[in-house]
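Read through the structure below, which is laid out as structure tokens, and then see the notes.
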Amino acid sequence: MNNHTTNKMQDVKTKKSTIIGLCLIFLGCMIYLFFGLGVEGQATFRLSRPTDPFALPNLILPAHSFIGASALLIAFFGGRIIIKAPKKYTIFIALSFFLAIAAFLVWATAGKSFSLTGMLQATLVRAVPIALAAMAGIMCERVAVINIGIEGMLLAGAFAGAVFGSIFGNLIGLILAILVGGFFGFILAALVVTFRVDQIIAGVAINIFVLGITSFLTSHLLKSNPELNDAPIFKSIKIPFFSEIPVLGPVLFKQNIFVYFAIFIVIVSTFYLFKTAYGLRARAVGEHPKAAETLGISVIKTRFYHVIMGGMIAGFGGAWFTLGSVGRFDEGMTGGRGFIGLAAMIFGRWHPIGALFAALIFGFADSLQQKLAILRTPIPSEFLAMAPYLVTIIVVAGIVGNAKPPQAIGQAYVKEN
Amino acid sequence: MKLKLNAISKSFGPVKANSNINLTVDNGEILGLLGENGAGKTTLMNILTGLYKPDSGTILIDNQLKEFQNPREANKSGVGMVHQHFMLVPVFSVTENIILGTEPTTRFNKIDLKTATDKVVKISSEYKLDVDPNALIEKLPVGIQQRVEIIKILLRNAEILIFDEPTAVLTPQEVTEFFEIIKSLKKTGKAIIFITHKLHEVLEICDRINVLRRGKIVGEAFPTKTNNKKLAELMVGRTVKLRTSRRKMEKGKELLKVNNLSILSDKKEPILTNIDLVLHQNEILGIAGVQGNGQTEFIEALTGLRKASTGKIVYFGKECINITPRKIHALGIRHIPEDRQKQGLIGDFSLIENIILNTYYEKDFSNNLKLNWLNAKKEARRIINQYDVRTNSEDISANKLSGGNQQKLLIGREMSRSINLLIASQPTRGVDVGSIEYIHSQIIKARNKGIGVILNSTELEEIIALSDRIIVFYEGKIIAEFPSNSDPKIIGLAMAGVK
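Residue numbers (this note's numbering), protein chains in the order written: chain A, 4 to 420; chain B, -1 to 497.
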């Protein structure tokens, strides 16, 4: 009798792996059809600049055979999954995606040359605001407050950074941007924790408010006073010796303080959440607030502190757009990075390190579209600009179903007495 | 005297939850606090543990006046409570749950996990509360989770231990183990308050019993000088029949046949495996088992709320697997869901609206364009009268009724129209003794009229009192079947997975 059910379960599994296998074979064929056919020449990937002390030779790949080989390998993985139905085929799927992207890059670069290091560097830079938005989201959601308002907090940070940076210099500008972010964190906390407003509505209200007020101030204040919108940006800081390492050096050790601080925040918040007593209490508040309250932990205070902290991180991330990048503020310049950050948070399963890697994937998609525009591929630039959002949708649709948020998320805590 | 409560009163709006309560507990004494749901037991204990502030009255511990602003202050004075719904974070380890709020730390506020684990191990061996300090709470059975709760309050040096309905979630075996734990705690000189509405438990374990009714202490009793019946009368305020009389009946023709039914979870893990059963007319089939062993999912499959993966469900000779709840309802199959507030009634709807919730589309109440409120009102009145729902109007919303009256309304709705088969899940959960008596008599009456009843309950007493046949669910399987009037101990063993 028992065999019957086990068989049934195996059926389900086999069916799923067959579908995935077929998809991979299809992907392999498509890659060969679209990219492999008719492509000629070699793709040249520059790994270092000729001026670097330890210059690496360029990576030169024959386009047609590389794409052909990748397509074949992907199809092979598909076949393997169908025939053997291994327990964990995620690794094959990941490898296939990696190959598909590589084949795509080779196709786009065929007959030209392309700086791989430059793209990786851009990946990290573009991942910064997304990662910081995700960290802000994690701080809030770990104490069970949904923060849809991160987009608005980023925008507020960007605006404050530009204006105060122009007046007081970039360091003071950065600090004030963080404080403005924290202020909006406080507003959100007051709305959802104290007054128990619906968390989504409160967040959306912050987004709309910040978008409106910054647009208004831009057209009425900054247009007529351009000197208020011309902040000095943070230059990249070379870390001696490390920055000389080929590929890795320029990617990791020749960046501005935003990149370094983003990585620092990821490490510190991981330690904070999972190793310290305060982190344990914060997570308890997010999972089972009443249990925390019975042990003398104040749910209200904990939520306030963390939402304000999240707001400050978002303010810092917002300053990246102005003080870390272009030095001036434009309306709506955050372009949905706050929302992509929330997707990265979910993709990273509410863990700072996971969210950082997710942010890197989004950053990669972001930098890919930027770099491909330079290569002049036949794909219209509008489609390329879609890349980061497309990746968001695929990732969220594919992953979110499995991820488990903190149990009390979205619920206001009512203290009885 | 360890603990003394003096004239404690507490109101929520117009409702007097506690009025003028005096109570004492001594070291090494187990005080039973007996009362129905809503009698004010939990409110009183929340005052004692610092969650609520009393409107008036004083708390004395070791003859010192105490005023608790929050639970932490109560903890410091040695008051600890094991809540009815455990206050444990499921995704944390045992140690993390126990030390939460009083974590030993090293530099940078880092938790000193080794010291923490050592503390947990020390207490668990000192009081023989066996538990793996590194296990995740969500992976542990409730009996063990309860031990974690006890260790948690012992770590905070609790001298006054409060247990709120501690046996509600335990198997009979776990209850026996739990009583041993309580007795050993008593030996170490702790003062213990044991809150329950189960009469035999207070008689078995307590040294002294206080009975609470409508926010007042209505009597004190000693287990040696009282009995079930006297306690029940004190608790309810009138004479009650504790056991519903049930005459033996010949079973009639077959109503329901379940064949090889299996259900897989969303993660493709088996929830139910190969369930086979038959139900006849004039028969009450009791489903016993500890909560979470597949009973809920089985009932959901029977009522069309959950998709079965394989197998057959045959009602009245017709195969009915995976058909909609409305079609099942149309066959005369009625369902009393286990959670009346989530599934049975809509709290914000009026009693009338709730009465026609599953029949609104029938000719009596609708001409397909608009509802016939006149008929609906008549029907509501009829059910309210017939099923003794205590309310002064049928227009008030359902969440204004007490638990017992909500349940009577629900039972009235399900049983008053043409009915062939009744599926009742936890029909008396959170219902006062008086209403339990009434609900039980209604179920027996239905069975005597030729209806088949499936009774799913985690209260073994209820199953034994009503059922003609008892099956036991364990880990998604039927592991045993018993005739009526079987020994509860043997059924209890089966509930724990012992064949």
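Ideal Cβ positions, reconstructed from N, Cα and C, are used throughout, including at glycine.
In chain order, what residues of the same chain lie with their CB nearer than 6 Å to the CB of residue i, ignoring the 5 residues before and after it?
i, result
"Met142 (chain A)", "His309, Met312 and Gly313"
"Met247 (chain B)", "Asn280"
"Gly26 (chain B)", "Lys184 and Gly187"
"Ile160 (chain B)", "Met43, Met79 and Ile191"
"Ala58 (chain A)", "Ser51"
"Pro481 (chain B)", "none"
"Ala163 (chain A)", "Leu179, Ala180 and Val183"
Since residue i and residue j should fall inside the 8 Å C-beta cutoff, what is the C-beta to C-beta distance between them, to a whole number of angstroms?
i, j, result
"Ala234 (chain A)", "Gly168 (chain A)", "3 Å"
"Ile311 (chain B)", "Ala299 (chain B)", "7 Å"
"Ile242 (chain A)", "Phe261 (chain A)", "Not really, about 15 Å apart at Cβ, beyond 8 Å."
"Ile268 (chain A)", "Leu375 (chain A)", "Between Leu375 (chain A) and Ile268 (chain A) the Cβ distance is about 30 Å, and since that is not below 8 Å, they are no contact."
"Ala130 (chain A)", "Gly330 (chain A)", "Not really, about 20 Å apart at Cβ, beyond 8 Å."
"Ala15 (chain B)", "Val77 (chain B)", "Not really, about 19 Å apart at Cβ, beyond 8 Å."
"Leu458 (chain B)", "Ala286 (chain B)", "6 Å"
Any Cβ of chain A within less than 7 Å of the Cβ of residue i?
i, result
"Pro164 (chain B)", "no"
"Glu136 (chain B)", "no"
"Pro221 (chain B)", "no"
"Leu270 (chain B)", "no"
"Thr103 (chain B)", "yes"
"Ile382 (chain B)", "no"
"Ile109 (chain B)", "yes"
"Leu46 (chain B)", "no"
"Arg70 (chain B)", "yes"
"Met413 (chain B)", "no"
"Val92 (chain B)", "no"
"Gly99 (chain B)", "yes"
"Met233 (chain B)", "no"
"Val256 (chain B)", "no"
"Met493 (chain B)", "no"
"Met247 (chain B)", "no"
"Val387 (chain B)", "no"
Of all Cβ atoms in chain B, is any one closer than 7 Å to the Cβ of residue i?
i, result
"Ala411 (chain A)", "no"
"Leu298 (chain A)", "yes"
"Ala287 (chain A)", "yes"
"Tyr308 (chain A)", "no"
"Asn6 (chain A)", "Note that Asn6 (chain A) scores 45 on pLDDT, short of 50, meaning its location in the model is unreliable and no value can be drawn from it."
"Thr126 (chain A)", "no"
"Tyr281 (chain A)", "yes"
"Lys278 (chain A)", "yes"
"Ala294 (chain A)", "yes"
"Glu43 (chain A)", "no"
Tell me which residues share the same chain as residue i and place their Cβ nearer than 8 Å to its Cβ, disregarding the 5 neighbours each side in the sequence.
i, result
"Ile476 (chain B)", "Ile273, Asp274, Leu275, Ile469 and Val470"
"Phe176 (chain B)", "Gly141, Gln144, Pro164, Thr165 and Leu168"
"Val256 (chain B)", "Ile273, Asp274, Leu275, Val276, Leu300, Gly309, Lys310, Ile311 and Val312"
"Ser7 (chain B)", "Lys14, Asn16, Ser17, Asn18, Ile19, Pro52, Asp53, Ser54 and Gly55"
"Asn373 (chain B)", "Asp362 and Phe363"
Considering only C-alpha positions, which residue in the set the options is nearest to residue i?
i, options, result
"Lys64 (chain B)", "B:Val80, B:Gln82 and B:Ile45", "B:Ile45"
"Phe342 (chain A)", "A:Gly155, A:Ser73 and A:Leu76", "A:Gly155"
"Gly345 (chain B)", "B:Leu408, B:Asn365 and B:Lys368", "B:Leu408"
"Lys2 (chain B)", "B:Glu71, B:Ile354, B:Ala189 and B:Leu355", "B:Ala189"
"Gly448 (chain B)", "B:Lys266, B:Glu295, B:Ile282 and B:Ala133", "B:Ile282"
"Ile84 (chain A)", "A:Thr305, A:Ala113, A:Thr273 and A:Gly24", "A:Gly24"
"Asp386 (chain B)", "B:Ala396, B:Ser465, B:Gly402 and B:Lys376", "B:Gly402"
"Glu435 (chain B)", "B:Gln405, B:Asp393, B:Leu21 and B:Thr47", "B:Gln405"
Is the closest heavy atom of the ligand FMN to the C-beta of residue i under 6 Å?
i, result
"Lys293 (chain A)", "For the ligand FMN, the structure offers nothing, since it holds no ligand at all."
By Cβ distance, which residues of its chain are closer than 7 Å to residue i, with the 5 residues on each side in sequence left out?
i, result
"Pro323 (chain B)", "Thr301, Gly302 and Leu303"
"Ile326 (chain B)", "Thr301, Gly302 and Cys318"
"Ser423 (chain B)", "Ile297, Ile334, Pro335, Glu336 and Asn454"
Runs of beta strand (DSSP E) wholly within the segment 108 to 176 of chain B (minimum 3 residues, chain order): Scanning the segment 108 to 176 of chain B for uninterrupted beta strand (DSSP E) segments of 3 residues or longer gives 158 to 162, listed from N- to C-terminal end.
Sequence ranges, alpha helix (DSSP H) only - wholly within the segment 394 to 454 of chain B, length at least 4: For the segment 394 to 454 of chain B, whole alpha helix (DSSP H) runs of length 4 or above, ordered along the chain, are 401 to 413 and 431 to 446.
Entirely enclosed beta strand (DSSP E) segments - the segment 36 to 92 of chain B, minimum 3 residues: 54 to 59, 62 to 64 and 77 to 80
Residue ranges of each beta strand (DSSP E) within the segment 33 to 106 of chain A, 3 or longer: 45 to 49 and 62 to 65
Completely contained beta strand (DSSP E) runs for the segment 320 to 400 of chain B, where each covers 3 or more residues: 331 to 334
Beta strand (DSSP E) runs contained entirely in the segment 228 to 265 of chain A, provided each spans 3 or more residues: none
Start-end ranges of the beta strand (DSSP E) lying completely within the segment 230 to 304 of chain B, minimum 3 residues: 252 to 262, 268 to 278 and 282 to 286
Every unbroken alpha helix (DSSP H) inside the segment 358 to 417 of chain A [4 residues or more]: 384 to 402
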